[in-house]
Amino acid sequence: MECSCLQSPLILPPPKKVVRELLIKAPWATIPFLPSILPKPFQPINSTPGHSTDIPQSLCRIRGNEQDKGEECRRTREILDISKGHDFPKPRILPLGPLLPPGRIHRTRCHTNCLEKPLSRAFERLGRCVGSHPWIFLLVPILLTAALGIGFIYLPKEEEENLEEQYTPIGSPAKAERRFVQAHFTTNDSYRFSSTRSSSETNFASILVVSNSETLLESEIFEEVSQLDQAVQTLSVTKENGAPIHYREVCAKYRTFCVPSNPLLYVWQRNKTLDLKTFTFPMHNFKNHFIHLAGFFGGNTLGDAVGQNHLLLETKAMRLLYYLKTEVKEDSEQSKEWLVHFLDEFYNLKEKLAFKNIQVVHFTSLSRQLEFEATSMTVVPLFHLAYLLIIIFAIISCYRLDCVRNKMWVAVFGVVSAAFAVVSGFGLMLYIGVPFVIIVANSPFLILGVGVDDMFIMISAWQKTSLMDSIKERMATVYSKVAVSITITTITNVLAFYTGIMSSFRSVQYFCIYTGTTLLFCYFYNITCFGAFMALDGKREILCLRWLKKPDQKYSSLKKACCLPFSSVPDEQGTDIHPMNLFFRDYFGPVLTRTMSKFFVVVIYILYIISSIYGCFQVQEGLDLRNLASDDSYITPYFNVEEDYFSDYGPRVMIIITESINYWDEDVREKLEKCIENFKENDYVERNLTEFWLHTYMDYMKRNGQDPNDKDTFMNGMPHFLRKFPVFTYDINITSNEIISSRGFIQTMGVSSSTNKKIMLLQLRETAEKCEIPLMVYNQAFIYFDQYAAIIENTVRNIMVASTAMFIVSLLLIPHPMCSLWVTFAIASVIVGVTGFMAFWNVNLDSISMINLVICIGFSFDFSAHISYAFVSSTKTSVNQKSIEALYLLGYPVLQSAISTIIGVCVLATAKAYIFRTFFKIMFLVMVFGAAHGLIFIPVFLTFF
């Protein structure tokens with residue numbers, strides 16, 4: 003779009019003799035001169051004797067479409083041809099604009115931004131320089147790519163990606179709570195192991211057993227489960243030095259025995275005559291020792307109440323847990339070796355044992371990490387397919403039967419230029435040490451689709467230049483035309499990504515850094531390397547034109563091949579209008595602006611926005627850890643069984659008294675008891691499964707006739723109490739005369755969904771804050787639960803910041819109130835649509851989808867800003883014609899952008915991993931909804947105002 007304050011020479015009214023001649027030969031040409039306000043004769047530029055009277059190219063740069071431009075230039079040349087032979091005085095040049103009476107100074111008003119014109123001039127100079135020295139601008143980026151590509155030697159090959167670090171919020175409350183627990187409480191997995199008292203996840207192997215019949219509580223089924231248990235415990239792995247690692251060497255111990263894999267199975271193995279119908283749930287009193295069965299059995303049918311418990315009549319599934327040593331580094335490494343061997347041998351165990359009554363699935367503490375790393379390899383073959391599809395699309399888009407206008411090879415190089423940008427951007431990031439996480443593997447697919455958009459714009463601008471102009475001038479024209487367009491596109495997209503750096507998730511930060519930086523390289527290579535190749539292809543055009551005008555057999559076969567396909571000599575003055583532009587002008591636009599079509603579009607939009615808003619309230623939050631593995635992974639059926647049968651009970655949560663209090667003070671104990679009771683009243687807490695050392699100690703002191711309100715008695719009785727109840731040894735941080743901190747436990751339930759986990763976590767923390775006693779709640783699972791509370795906050799913050807950045811860019815580069823209004827509307831509408839339809843497509847709001855929501859801000863800006871600006875800048879009189887002209891000028895580029903991006907990511911739809919399919923799903927929604935707003939909704943809505 004030309005700046006409205008562009009200064010062009012104005013031809014003043016000619017003498018009457020010339021006017022009469024014009025009336026005869028070109029009557030329409032006298033219309034601008036009829037006022038005859040300025041009586042002095044004129045002389046056209048370059049009309050002095052011996053000089054050409056051709057109109058300068060700048061006079062042809064008028065507003066309107068290409069056909070109008072060509073017609074005006076032709077008419078002006080006719081006027082100049084008629085004026086030949088007339089001797090006129092020195093020419094007078096006035097600014098383009100309405101003629102004013104003598105004595106008045108005419109000042110033009112610039113309705114576009116002050117940045118647009120300087121930027122266009124700067125690009126014009128750059129284009130002229132690229133056209134003059136194409137080989138320099140081609141080779142320097144290639145050499146830069148080769149140099150930066152060396153950074154790929156730092157690509158991690160065997161280093162493990164820390165899932166907790168990358169996919170949980172930075173500085174989350176749970177991480178601070180874990181540091182407090184680690185600083186104030188100790189554990190000992192070699193002598194007195196307790197999984198609920200561990201501050202971090204321990205090494206373990208888990209097996210879920212599902213009965214083929216109605217219940218597991220049959221002796222023959224327990225016999226099969228017992229055989230499986232013994233087979234697992236007999237597994238051993240040989241170290242590199244030949245020494246074996248047996249299960250009993252690496253298992254977590256309680257005193258001198260390995261912690262039982264299932265307490266009820268352990269009891270039955272010691273006495274197989276036990277009646278399995280007499281056990282109670284969720285706790286069973288076995289010889290005055292209470293056994294916790296919650297979490298070990300699922301799909302239960304309960305009978306009559308026995309105290310605070312119920313008879314366990316039937317159970318469909320049971321869990322076997324094999325805890326291994328973790329605290330000492332050497333022990334942890336051996337435990338991991340045993341776990342790897344367990345994973346390798348498990349299927350052999352299943353085949354060997356040939357179960358008849360049960361089905362089993364397995365999982366280990368290493369499974370998520372190992373499966374996540376394996377998932378990254380499944381996407382590598384898709385890179386080649388994506389690039390092939392984009393190349394095919396680029397060739398189809400730019401292919402012409404006209405050998406001069408054919409830009410097939412230019413399009414191919416445009417894709418190669420995008421690949422150069424990926425190599426350079428990734429190489430630079432790896433070289434400076436930015437971690438490469440698995441979701442960054444999505445970036446090349448996005449870069450591939452987005453990177454070729456500027457290529458299409460530049461090729462389109464080149465096709466509108468005249469073959470008669472020099473390559474240097476054609477390049478200058480192209481660059482001046484595309485300067486604002488590709489700069490806006492790049493700035494908005496890069497800003498959208500760089501705002502993601504503020505995210506609380508490191509994986510999101512690294513993805514945005516890699517992608518934003520690579521987009522900058524795309525921009526740089528398009529205006530240098532690709533532009534240079536286009537200039538060299540311009541020389542091929544000249545060669546082909548000469549060949550078509552005068553075929554010469556002396557031309558080498560290579561030169562002839564460059565002119566394929568052969569065709570007739572093209573119009574050297576004309577421009578190339580793509581058939582799709584004509585489609586939008588002659589068919590799509592007129593149909594869209596009909597009254598019935600507008601009504602239909604409004605109805606469709608209302609249905610769209612209602613569905614989207616409804617979907618926004620159905621979106622699930624948080625990253626399901628099973629989605630880190632591929633669909634055919636063994637951990638998927640494990641999590642499915644766990645969800646089906648073991649979702650009743652959640653994690654066992656610590657209630658930590660963080661400061662030293664007077665436990666012997668009755669008032670303090672009452673306040674503490676009130677707080678514990680508040681926890682029990684929570685809907686997500688099982689009140690009968692609370693465990694607190696202070697309750698047991700009070701009962702102990704009363705039985706012994708001791709006064710719990712006396713400090714000395716209270717403190718002196720602690721050593722004997724802990725010897726009698728050693729399970730509480732690691733729950734009390736005690737010195738000689740005070741208790742620094744202590745903890746109890748509550749059992750959560752009904753927290754299978756992400757929403758319930760978030761509500762439970764927030765409610766427990768709120769209860770702890772309201773307590774008069776300084777309390778803290780913690781469980782190692784809270785590290786992952788915190789993402790549920792942080793994801794919405796992060797998403798909203800990033801969207802607000804990115805939207806503000808887009809608004810500022812729109813004011814700076816396309817400052818028109820109507821444009822800013824419609825750009826803001828489109829961004830909000832697309833974000834609501836994408837978020838809502840995520841729920842219908844089973845996509846959670848997590849760190850992966852959050853990236854795409856930020857991306858959609860940039861794309862919705864691109865689609866809407868150009869269309870709305872073309873509308874408000876149109877010189878047409880009716881709103882329908884303005885809308886049609888905007889679609890004619892920019893409809894096809896918008897469609898190309900959407901299609902190329904969809905093609906770039908569509909191969910991810912075939913990926914076996916959720917994280918890659920999610921990327922495709924959301925990018926597909928972004929492109930479809932963004933293009934629909936740019937091509938349908940906004941062109942129609944603009945006609946209403």
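Just so you know, we're using this note's numbering here: the sequence shown kicks off at 3 and counts up by one. Every residue gets a Cβ at the ideal spot worked out from N, C-alpha and C, and that includes glycine.
Helix, strand or coil: how does DSSP classify residue 636 here? Reading the sequence shown from its first residue, position 634 is the one you call residue 636. Coil.
Can you tell me where the beta strand (DSSP E) with residue 459 in it begins and where it stops? Residue mapping note: residue 459 aligns to position 457 of the sequence shown, counting from 1. Residue 459 -> not in any beta strand (DSSP E); alpha helix (DSSP H) instead, spanning 455-465.
First and last residue of the uninterrupted beta strand (DSSP E) at residue 318: Position 316 of the sequence shown, counting from 1, holds the residue named residue 318. Segment 311-325, the beta strand (DSSP E) holding residue 318.
Check whether the segment 424-440 touches the segment 467-482, counting contact only when three or more Cβ pairs, one atom from each stretch, lie closer than 8 Å. no
Are the Cβ atoms of residue 606 and residue 835 separated by less than 9 Å? Taking the sequence shown and counting its residues from 1, one reaches residue 606 at position 604. Taking the sequence shown and counting its residues from 1, one reaches residue 835 at position 833. No, they are not a contact pair.
Is the beta carbon of residue 462 sitting closer than 9 Å to the one on residue 531? Position 460 of the sequence shown holds residue 462. Position 529 of the sequence shown holds residue 531. Taking 9 Å as the Cβ cut-off, residue 462 and residue 531 do not qualify as a contacting pair.
Given that a residue counts as buried once 16 or more other Cβ atoms are within 10 Å of its Cβ, and exposed if not, what is residue 191? Numbered from 1 along the sequence shown, position 189 holds the residue referred to as residue 191. Buried is the call here.
CA-to-CA distance, residue 457 to residue 408, given in whole angstroms: Indexing the sequence shown from 1 puts residue 408 at position 406. Indexing the sequence shown from 1 puts residue 457 at position 455. Looking at the two C-alpha atoms, the distance is approximately 14 Å.
Comparing C-alpha positions only, which one of 827, 205 and 381 sits nearest to residue 908? Residue 908 sits at position 906 when you count from the first residue of the sequence shown. Here the closest residue by C-alpha is 381.
Consult DSSP for residue 774 and reduce its assignment to one of helix, strand or coil. Residue 774 sits at position 772 when you count from the first residue of the sequence shown. Three-state result, residue 774: coil.
Helix, strand or coil: which one does DSSP assign to residue 745? On the sequence shown, residue 745 is found 743 positions in, with the first residue counted as 1. Three-state result, residue 745: strand.
Which word fits residue 48, buried or exposed, when buried means at least 16 other C-beta atoms lie within 10 angstroms of its C-beta? Position 46 of the sequence shown, counted from the first residue, corresponds to residue 48. Residue placement at residue 48 cannot be trusted, given a pLDDT of 40 that sits under 50; what the coordinates show is reported in the next sentence. By the neighbour-count rule (16 or more Cβ atoms within 10 Å), residue 48 is not buried but exposed.
Would you say the segment 200-219 touches the segment 345-365, given that touching needs at least three Cβ pairs under 8 Å? yes
By a C-beta neighbour count over all protein chains shown, 10 Å radius and 16 as the cutoff for buried, is residue 449 buried or exposed? As a working mapping, residue 449 is identified with position 447 in the sequence shown. With 16 or more Cβ atoms within 10 Å of its Cβ, residue 449 is classed as buried.
Output the distance between the C-alpha atoms of residue 57 and residue 548, rounded to the nearest integer angstrom. Your numbering for residue 57 matches position 55 in the sequence shown. Your numbering for residue 548 matches position 546 in the sequence shown. Note that residue 57 scores 40 on pLDDT, short of 50, meaning its location in the model is unreliable and no value can be drawn from it.
Find out if the Cβ-Cβ distance for the pair residue 317, residue 218 is shorter than 9 Å. Within the sequence shown, residue 317 is the residue found at index 315, counting from 1. Within the sequence shown, residue 218 is the residue found at index 216, counting from 1. Yes; because the gap between Cβ atoms is below 9 Å, this pair is in contact.
Tell me whether residue 843 is buried or exposed, calling it buried when 16 or more other Cβ atoms sit within 10 Å of its Cβ. Numbered from its first residue, the sequence shown carries residue 843 at position 841. Residue 843 is exposed by the Cβ-count criterion.
Determine the burial state of residue 941: buried for a count of at least 16 other Cβ atoms within 10 Å of its Cβ, exposed for fewer. Taking the first residue of the sequence shown as position 1, residue 941 is located at position 939. Buried.
Residue 391 to residue 926 span [Cα, whole Å]: By one-based count along the sequence shown, residue 391 stands at place 389. By one-based count along the sequence shown, residue 926 stands at place 924. Between residue 391 and residue 926, the C-alpha separation is close to 16 Å.
Write down the C-beta distance between residue 785 and residue 170 rounded to the nearest angstrom, noting that I regard them as a contact closer than 8 Å. Translated into positions along the sequence shown, residue 785 becomes position 783. Translated into positions along the sequence shown, residue 170 becomes position 168. Contact flag correct, Cβ pair sits at about 6 Å.
Can you find the residues in the same chain that come closer than 7 Å, C-beta to C-beta, to residue 739, ignoring five residues on each side of it along the sequence? Numbered from 1 along the sequence shown, position 737 holds the residue referred to as residue 739. Closer than 7 Å at Cβ, skipping near neighbours: 717.
CA-to-CA distance, residue 586 to residue 67, given in whole angstroms: The residue you call residue 67 lines up with position 65 of the sequence shown. The residue you call residue 586 lines up with position 584 of the sequence shown. Any reading at residue 67 needs caution, since the residue's pLDDT is 43, under 50, leaving its predicted position unreliable; the model's value is listed next. Distance between the alpha carbons of residue 67 and residue 586: 13 Å.
Within the same chain, show all residues whose beta-carbon is closer than 7 Å to that of residue 126, passing over the 5 residues directly before and after it, in chain order. The count along the sequence shown starts at 1 and reaches residue 126 at position 124. The answer, listed in chain order, is 478, 481 and 482.
Is DSSP giving residue 246 helix, strand or coil here? Residue 246 sits at position 244 when you count from the first residue of the sequence shown. Residue 246: strand per DSSP, three-state reduction.
Starting from the C-beta of residue 501, find all residues in its chain whose C-beta is less than 8 Å away, skip the five residues before and the five after it, and write them out in chain order. As a working note, residue 501 is residue 499 in the sequence shown. Cβ neighbours of residue 501 beyond the five flanking positions: 514, 800, 803, 804, 807 and 856.
Within the chosen definition, does the segment 882-902 reach the segment 820-831 through at least 3 CB pairs nearer than 8 Å? no
If I follow the unbroken beta strand (DSSP E) through residue 211, where does it start and stop? Start at 1 with the first residue of the sequence shown, and residue 211 comes out as number 209. Per DSSP, residue 211 belongs to the beta strand (DSSP E) from 206-213.
For residue 677, I'd like the list of residues in its chain whose CB is within less than 7 Å of its CB, leaving aside the five on either flank, ordered along the chain. In the sequence shown, the residue the question calls residue 677 occupies position 675. Excluding sequence neighbours, residue 677 sits near 773, 775 and 777.
Would you mind sorting residue 142 into buried or exposed? The rule is 16 or more other CB atoms within 10 Å of its CB. Reading the sequence shown from its first residue, position 140 is the one you call residue 142. When all chains shown are included, residue 142 counts as exposed.
For residue 936, does the three-state DSSP call read helix, strand or coil? Here residue 936 refers to the residue found at position 934 of the sequence shown. Reduced to three states, the DSSP call for residue 936 is helix.
Check each candidate in 258, 394 and 309 and name the one with the smallest Cα separation from residue 283. In the sequence shown, residue 283 corresponds to position 281, counting from 1. Selected option, being the one with the closest Cα: 309.
Reduced DSSP category for residue 53 - H, G, I as helix; E, B as strand; rest coil: The residue labelled residue 53 in the question sits at position 51 within the sequence shown. Any reading at residue 53 must be qualified, since the residue scores a pLDDT of 41, below 50, and its modelled position is unreliable; no value is offered.
Quick one: what does DSSP say residue 414 is sitting in, helix, strand or coil? The residue given as residue 414 occupies position 412 in the sequence shown. It is helical.
Give the DSSP-derived three-state secondary structure of residue 109 in the structure shown. Taking the sequence shown and counting its residues from 1, one reaches residue 109 at position 107. In this predicted model, residue 109 has a pLDDT of only 42, less than 50, meaning its place in the structure is not dependable; the value taken from the coordinates is given anyway. Reduced to three states, the DSSP call for residue 109 is coil.
Residue interval of the alpha helix (DSSP H) (run including residue 364): Here residue 364 corresponds to residue number 362 of the sequence shown, with the count starting at 1. Note, residue 364: premise wrong, no alpha helix (DSSP H); beta strand (DSSP E) at 360-366.
Taking a contact to mean a Cβ-Cβ separation below 9 Å, would you say residue 872 touches residue 825 in this structure? As a first step, residue 872 must be located in the sequence shown, where it is residue number 870. As a first step, residue 825 must be located in the sequence shown, where it is residue number 823. It is not a contact, given that the beta carbons lie outside the stated cut-off.
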